[in-house]
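Trainee: Under my numbering, residues 8 to 166 are what the sequence shown spells out, in order. Sharing a structure here in structure tokens format.
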Amino acid sequence: MLSRKAEDYLEAILNISEKKGYAKIRDIALALNVKPSSVVEMVKRLNDRGFVNYRKYDGVTLTPEGEEIGRAVWGRHVTIRTFLEIIRVPEPIANKDACIIEHELEAKTIQQIKNLVEFVKIAPDYPQWLEHFEMFCETGVHPCCEEEKRKGKKHRFSS
Ligand code: MN
Numbered sequence: 008m009l010s011r012k013a014e015d016y017l018e019a020i021l022n023i024s025e026k027k028g029y030a031k032i033r034d035i036a037l038a039l040n041v042k043p044s045s046v047v048e049m050v051k052r053l054n055d056r057g058f059v060n061y062r063k064y065d066g067v068t069l070t071p072e073g074e075e076i077g078r079a080v081w082g083r084h085v086t087i088r089t090f091l092e093i094i095r096v097p098e099p100i101a102n103k104d105a106c107i108i109e110h111e112l113e114a115k116t117i118q119q120i121k122n123l124v125e126f127v128k129i130a131p132d133y134p135q136w137l138e139h140f141e142m143f144c145e146t147g148v149h150p151c152c153e154e155e156k157r158k159g160k161k162h163r164f165s166s
């Protein structure tokens with residue numbers, strides 16, 4: 008079992024090396040907002056455990072084992088970020104929180120979030136309940152509740 012931090016490194020190295028073919032210490036430090044010396048330390052450890060190849064002047068690449076984990080973490084990231092965006096969390100926050108949540112959830116939970124995300128995406132029309140949810144976020148009133156709508160009453164859980 009890898010630590011959260013190690014998972015974040017593999018995820019970052021994956022994303023950088025998909026663009027450049029490899030990741031430099033400086034790129035990783037920038038992506039994770041940590042000091043280059045911390046990156047060197049972690050990358051050496053990941054190298055010893057067989058997740059990355061690190062040669063001082065050639066930068067860092069993922070081994071097949073490291074790539075498998077990096078892809079799994081990134082997949083969870085995208086699923087959670089998309090889910091948060093569906094429920095109208097602004098993108099920068101969704102992205103930041105996805106990176107926290109991605110390490111902690113059970114596989115079953117991720118699978119169900121993924122199912123929901125795909126369910127919403129493949130709908131030929133924008134799902135009506137989602138439009139209703141958006142209205143609910145703005146007004147505190149569920150459009151289906153005619154009674155409440157007529158009275159203009161706020162839903163009791165709204166702030
Ligand atoms: Mn992430």
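Every residue gets a Cβ at the ideal spot worked out from N, C-alpha and C, and that includes glycine. Only a predicted model underlies this, so the values are computations on that prediction, with no experimental measurement involved.
Would residue 34 be called buried (16 or more neighbouring beta carbons within 10 Å of its own) or exposed?
Mentor: That one is buried.
Trainee: Can you tell me which of the three DSSP states residue 69 falls into?
Mentor: Residue 69 falls in the strand class under three-state DSSP.
Trainee: So, for residue 81: in the same chain, excluding its five sequence neighbours on each side, which residues have a beta-carbon less than 8 Å away from its beta-carbon?
Mentor: 18, 21 and 22.
Trainee: Starting from residue 102, trace the alpha helix (DSSP H) in both directions and tell me its first and last residue.
Mentor: Per DSSP, residue 102 belongs to the alpha helix (DSSP H) from 98-108.
Trainee: DSSP state of residue 122, grouped into three classes?
Mentor: Three-state result, residue 122: helix.
Trainee: Please find out if some non-hydrogen atom of the ligand MN comes closer than 6 Å to the beta-carbon of residue 111.
Mentor: Result no, Cβ not under 6 Å from the ligand MN.
Trainee: If I'm right that residue 254 touches residue 109 with Cβ under 8 Å, what's the distance once you round it to whole angstroms?
Mentor: Nothing about residue 254 can be read from this structure; the chain reaches only from 8 to 166.
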